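Each residue of the sequence shown is one higher than the last, beginning at 10 in the numbering used here.
We put the beta carbon where it would ideally sit given N, CA and C, even for glycine.
Values in this document were obtained by computation on a predicted structure and should not be read as measured data.
As C-alpha cells, the structure follows; a few thoughts come after it.
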Amino acid sequence: MSKSMDIQLINGAFGAADALDLITRMIHIKIKFHEDRINQNSSEEDIKYRESKIRNLQKELFQLREGIGREKGTITLDATINISVK
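Here it is as C-alpha cells:
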C-alpha cells in the first residue's frame, strides 16, 4: 500500500429511509467496535474514553433520525475513508 489511500465507501442518492438505514448500520458497527474494545481488558481511562465516544455516536444518530425522519425527498450521501500511513 502506498502512503495514503482513499476508499469511496458511499456515494449516491438515497430515499430518506434507505439513507437512514445505511447510516444507522454504520454507526451501530462503530458502537460495537468500541463495546468490543471495552470488553478486552481496557484501562479505566480507555473505558471512559470509549463510553464517551459511544454516547456521542448515539446522540448524533438520534439527531439524524429526527432530521431525516421528516424528510420526504432524496438524501445524498458521500463517505470516503482516508487512510494515511505515517
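Along the chain, where does the alpha helix (DSSP H) containing residue i start, and where does it finish?
i: Ser61; result: 53–77
Could you tell me the distance, in whole angstroms, from the CA atom of residue i to the CA atom of residue j?
i: Ile77; j: Tyr58; result: 28 Å
i: Ile19; j: Asn91; result: 13 Å
i: Gly82; j: Phe23; result: 9 Å
i: Asp45; j: Lys39; result: 10 Å
i: Glu75; j: Asp87; result: 20 Å
Less than 6 Å between C-beta atoms, sequence neighbours within five positions excluded: which residues of the same chain meet that for residue i?
i: Ser93; result: Ser13
i: Lys62; result: His43
Can you round the beta-carbon distance between residue i and residue j to whole angstroms, since I take them to be within the 8 Å contact cut?
i: Thr85; j: Gln17; result: Not confirmed; about 14 Å, so no contact.
Nearest chain D C-beta to residue i closer than 8 Å, yes or no?
i: Lys81; result: The question asks about chain D, but that chain is absent: this structure has only one protein chain.
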